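Undergrad: Have a look at this one.
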Amino acid sequence: MPTPLKAATTLAALFLLILTAAAPAQAANPPTKPPVSGSLGTYNVSGVYVAGVSSGGYMATQLHVAYSSRIRGAAVFAAGPYYCSQNTVAQALYGCGDNRYPTNVSALQTYTRTWASYGWVDPVGNLSGDPVYVFHGGNDTTVKKSVTDDLVRYYQHFGASVQYDSGSAAGHSWVTPYGTLGCAATASPYLNDCGTDPQNALLRKLLGGVTAPNTGTLGGSLIRFSQNTFAVNGWANGLSMDANGFAYVPSACAAGQSCRLLVALHGCVQSSGAVGTAFADRANLNQYADTNNLIVLYPQASTSLSNPNGCWDWWGYLGATNFPIKGGTQVETIMNMVRRLDG
């Protein structure tokens, strides 16, 4: 059995280190806005959704399940079911990335129902009918397809409306028309171009319809804000989160129009400390946000001794067992940002 720190390091390495050699693609240049320092405001938000890749995908399900009364749907790339790790590093390694251990999806469903009865997560009935978009790439060997299959089964068990995109040749990545790598790659910055637009599909699923993205000059603002303001301990670095996060706010939302909010969660080795604003710039979300009255929140994890690759806490590396439920420090810190934005 590996030591917790050694195993956690191995786990993070498995999740978004370079596993296959890949030649860069001829990346399209997205319209971008340089970040400006500011603070999160409160807007006329009509609905909240979450999306994430890899460890960000696991965090997205934690937020959705814990706060399903507030979060209306989720989009998950390259991840498995809620509480897959069961607070055990070995299970996270060999059951939630590789498939040498079973994911025990029926046990995860039982945990969810039990925790809902305690009030640790919102009632599971809220998940019924929720839109969920799930993506798995055929060349993703970091999270095996059987693990993502169990994410689909987990959500379907609770009556969610799941759209499963498993036909792509993608590696372990967030797939976007603005990807800098070829489709099959698993390499930094984990933004792959497969000649497709999954963001159109996920936003149609989550929002019920979508207007074509803005491919010209963006009209909103990318705000760099202090995450310390929202950290439950007042110090984001102590939670393996960066001092700063980002939020893209379209001009229509800033002017008071009704908007929806999408929390977009990067993967390991994909935070601003590792790739700058590449995820916020190239995820193809700001471009859709401009034309769909959508605020996009980009919380940022950071590296720490127990988290050397800047992953989100989905296996308990912060040392607390409540990481996937209400009261979990990263969950609550992100929800504090949501509470500010939607009032």
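Here our numbering is used: the first residue of the sequence shown is 838, the next is one more, and so on.
The beta carbon of each residue, even a glycine, is placed where N, CA and C say it ideally should be.
Keep in mind it's a predicted model, so treat the numbers as computed, not measured.
#1: For residue 839, which residues in the same chain have their Cβ closer than 6 Å to its Cβ, ignoring the five residues on either side in sequence?
#2: Please classify residue 873 as buried or exposed, where buried requires at least 16 other C-beta atoms within 10 Å of its C-beta.
#3: Check residue 1030 in the structure and name its three-state DSSP category.
#4: Ignore the nearest five residues each way along the sequence and tell me which others in residue 992's own chain have a CB closer than 6 Å to its CB.
#5: Is residue 1059 helix, strand or coil when you go by DSSP?
#6: Cα separation between residue 877 and residue 1078?
#7: Return the CA-CA distance between residue 1004 and residue 973, expressed in angstroms with no decimal places.
#8: So the candidates are 1035, 1088 and 1038; which of them puts its Cα closest to the Cα of residue 1055?
#9: Does the pairing of the stretch 1067–1083 with the stretch 975–988 give three or more beta-carbon distances under 8 Å?
#10: Per DSSP, which one or two residues make a beta bridge with residue 1011?
#11: Can you give the Cα-Cα distance for residue 880 and residue 1165, rounded to whole angstroms?
#12: Assign residue 858 to buried or exposed, taking buried as 16 or more other Cβ atoms, counted over all protein chains shown, within 10 Å of its Cβ.
#13: Going along the chain, which unbroken runs of the beta strand (DSSP E) with 3 or more residues stay wholly within the stretch 865–947?
#14: When you compare each of 882, 901 and 1007 to residue 1162 by their alpha carbons, which one comes out closest?
#15: With a threshold of 8 Å (Cβ to nearest heavy atom), would residue 929 be considered close to the ligand PLP?
#16: Between residue 885 and residue 1098, is the Cβ-Cβ spacing less than 9 Å?
#17: Can you tell which of 1168, 958, 950 and 869 has its C-alpha closest to the C-alpha of residue 1076?
#18: Along the chain, which unbroken stretches of the beta strand (DSSP E) at least 3 residues long are found entirely within the stretch 1073–1140?
#19: Could you give the DSSP three-state label for residue 1142: helix, strand or coil?
#20: Does the beta-carbon of residue 1107 have 16 or more other beta-carbons within 10 angstroms, so that it is buried, or is it exposed?
#21: Look at the alpha carbon of residue 997 and the alpha carbon of residue 964, and state the distance between them as a whole number of angstroms.
#22: Taking DSSP as the reference, what is the three-state secondary structure of residue 1164?
#23: When we look at the beta-carbon of residue 949 and count the other beta-carbons within 10 Å, is it buried (16 or more) or exposed?
#24: Suppose you measure from the CA of residue 918 to the CA of residue 870; what does that come to, to the nearest Å?
#25: In angstroms, rounded to a whole number, what distance separates the CA positions of residue 1080 and residue 892?
#26: Any idea what DSSP makes of residue 962, helix, strand or coil?
#27: Per DSSP, which residues does residue 970 bridge with? Please list them.
#28: Which residue wins for smallest C-alpha separation from residue 1133, given the options 1118, 938, 1143 and 1146?
#29: With 16 other CB atoms within 10 Å as the buried threshold, where does residue 960 fall?
#30: Quick one, which of 1013, 1127, 931 and 1006 has its alpha-carbon nearest residue 1059's?
#31: Going by alpha carbons, who is nearest to residue 903 out of 923, 933 and 958?
#32: Report the rounded CA-to-CA distance for residue 1047 versus residue 865, giving the unit in angstroms.
TA: Taking the coordinates as given:
#1: Any reading at residue 839 is ruled out, since the residue's pLDDT is 40, under 50, leaving its predicted position unreliable.
#2: exposed
#3: strand
#4: 969 and 999
#5: strand
#6: 17 Å
#7: 8 Å
#8: 1088
#9: no
#10: 1028
#11: 25 Å
#12: Here residue 858 scores only 36 on pLDDT, less than 50, and its place in the model should not be relied on; the value that follows carries that caveat. Burial call: exposed.
#13: 882–890 and 908–914
#14: 901
#15: Of ligands this structure carries none, so the ligand PLP is not represented either.
#16: yes
#17: 1168
#18: 1081–1086, 1096–1102 and 1131–1135
#19: coil
#20: buried
#21: 6 Å
#22: coil
#23: buried
#24: 34 Å
#25: 19 Å
#26: helix
#27: 912 and 1000
#28: 1118
#29: exposed
#30: 1127
#31: 958
#32: 22 Å
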